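Encoded as structure tokens, the structure appears first; notes follow it.
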Amino acid sequence: MTRRHTRTAAGIGLVSTALVLGACAANNPGGGGDSTGDAGGTLEIVSWWTSGSEAEALQVLFDAVQEEVEGLEVVNAAVSGGGGSNAQQALNARLQGGDPPDAWQLHPDGQLASYVAGGQVADLTEFWEEHGWADIVPEDVDAVQQIDGVYYTVPIGVHRGNVLWTNPEVLESAGVTLDESTDLDGLLEAMRAVDESGTTAVCLGDKDIFAASQVLESVIISHIGPDGWRDLFTGDLSFDSPEVREAAEIYGELLSLANSDHSALTWDEAALRMADGECAVTLMGDWAYGEFVNAGHEPGTDFSWTPFPAAEQAFVYVGDGFSIPASNIPNEEAAHAFLTLLMDPQVQTDFAAVKGSIPAVTTADTSALSEYQQSAADSFQSDAIVSSIAHAQAAGAEFAQTFADAVTTFNGNQNVDALVTTLASAQDSQLG
Ligand code: GAL
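Going by the numbering used here, the sequence shown opens with residue 240, and the numbers climb by one from there.
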């Protein structure tokens, strides 16, 4: 059923929800064992990759598996909504109904642990061992694909969550510079100066709340340092501590310097506004890099970047990967072919080129990736690595939801007290 292939550059194409790719329009769950013997059946994949660059990157994966498995139709069951909460909701309903897709996108560590606790994801340990994958991923990546020593997921790439994307022209006309030597105070000063110059300082699009959660987590990490951030998840530091309160105040000020329609915009709309010069900066994971380039913006000219200002640099790790269901898998053979291809170094490079991430496997050739991605790869090797809570990696789905809800409430009432006490009590009850 599989055939040899030569990998080519990224395939280009927009996909939409539940679009069937391939010759036949029938979604045929259980189509693994096709009766004609020469077709691969269907492979249904759930993800939340629907923005321009995300859809194009997803297409790279679909093209690869379709090239590998003869006659395979790919059913793109992507659900729009950056950060994935809509997709996760839709997926959970299907998992509970015993109707899983063949594979789904997820974050490792915390989010993975929630699926493992629900008995929903297949044990991939033998699969990992058979392919020797532990030898070709960095330790930080390897560790989070497992829960209690069992592998349940496969990584397609590494994103950085804490990048400040900047508009060089807007910064220049406000007479400010932002670079790696800028700290949080410097950022606030610069943002006030942009505001005084009459331009919106911060572009934010938190229609999907993860975008605001990321700003808050980035501020906290910058303010308390990577060790402090880790301590929040081991219980060694309380969310209701003076340092976290100060960080929440800083977040509140940044929010007051953002576009007033932020809750009506998606992350990609806000990022493109920034590149169009309607504001000075936007904090977003480096999937924004893919989005800028996809929209035709020139790196270094139309937009630039710096790690989110901090005294001590940290790389906020947002991992992307896929898992397959523990039971009722419609097309196991195709799902295994898909997982295997995800770890193909050329597929990882082609995917990263479009997505803005860096490959998760060390055997991938990164030499042709962009200057930004080279800097992200360096930082992933040299800076402290911490996990994102905005993307349910630092802790499980329950705490991540509490964090997101607390940010939504704070955005409405700006009540620092309520924010930190909510998080501290969830820390006590949910992180134990
Ligand atoms: C993250 C995911 C990224 C990106 C982003 C916005 O959760 O890791 O790949 O797609 O959401 O949708």
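From the three backbone atoms N, C-alpha and C, an ideal C-beta is built for every residue, glycine too. Predicted, not measured: the structure shown is a model, and the values here were computed from it.
Whole-number beta carbon distance between residue j and residue i, since they are thought to touch under 8 Å
i      : j      : result
Asn650 : Ala503 : About 12 Å separates the two Cβ atoms, so there is no contact after all.
Trp367 : Ser319 : In fact, because the Cβ distance is near 31 Å, the residues do not count as touching under 8 Å.
Ala448 : Thr647 : Note that residue 448 corresponds to Ile in the displayed sequence, not to Ala. About 5 Å; that satisfies the 8 Å criterion.
Leu410 : Thr521 : Not confirmed; about 13 Å, so no contact.
Val304 : Leu608 : Contact flag wrong, Cβ pair sits at about 22 Å.
Thr439 : Asn498 : 5 Å
Leu417 : Ile489 : Contact flag wrong, Cβ pair sits at about 15 Å.
Pro347 : Gly535 : 32 Å between Cβ atoms; not a contact.
His398 : Met582 : Not a contact, Cβ separation roughly 17 Å.
Thr415 : Ala429 : The question names Thr, yet the displayed sequence has Val at residue 415. Yes, Val415 and Ala429 are in contact; Cβ-Cβ is about 4 Å, under 8 Å.
8 Å Cβ cutoff met for residue i and residue j
i      : j      : result
Thr545 : Thr421 : yes
Val454 : Leu493 : yes
Ala691 : Glu530 : With the chain represented from 240 up to 671, any question about residue 691 goes unanswered, as that position is not in the structure.
Met513 : Val402 : no
Ala623 : Leu423 : no
Ala316 : Ile284 : yes
Asn570 : Gly336 : no
Pro394 : Ala616 : no
Ser292 : Trp526 : yes
Ala576 : Val308 : yes
Gln632 : Gln385 : no
Gly491 : Gln669 : no
Thr661 : Phe542 : no
Ser562 : Thr289 : no
Ala573 : Leu282 : yes
Gly464 : Glu551 : yes
Gly321 : Ser596 : no
Val483 : Val314 : no
Val586 : Leu345 : no
Cβ-based burial, residue i [other Cβ within 10 Å; buried from 16]
i      : result
Pro564 : buried
Gln612 : buried
Gly558 : buried
Asp466 : exposed
Ala487 : buried
Ala382 : exposed
Thr473 : exposed
Gln620 : exposed
Glu456 : buried
Pro481 : exposed
Arg242 : Confidence in Arg242 is poor, its pLDDT being 38 and thus under 50, which makes the residue's placement unreliable; the coordinate value appears in the next sentence. Classification of Arg242: exposed, given that the 10 Å Cβ count is below 16.
Ala519 : buried
Asp656 : exposed
Gly357 : exposed
Ser495 : exposed
Thr540 : exposed
Val389 : exposed
Asp475 : exposed
Ser461 : buried
Glu610 : exposed
Asp302 : buried
Asp341 : buried
Ala639 : buried
Asp445 : buried
Gly671 : exposed
Ser618 : buried
Ala413 : buried
Glu312 : buried
Short CB-CB distance (under 8 Å) between residue i and chain C
i      : result
Ser566 : Of the chains in the structure shown, none is chain C; there is only one protein chain.
Count the CB pairs spanning the region 547 to 556 and the region 614 to 634 that are closer than 8 Å, and state whether there are at least three. yes
Counting Cβ pairs, one atom from each stretch, are 3 or more of them under 8 Å apart for the region 652 to 668 and the region 375 to 395? no
Within 8 Å, do at least three Cβ pairs link the region 355 to 375 to the region 561 to 578? yes
May I ask you to verify whether the region 590 to 599 touches the region 289 to 302, counting CB pairs closer than 8 Å and requiring at least 3? yes
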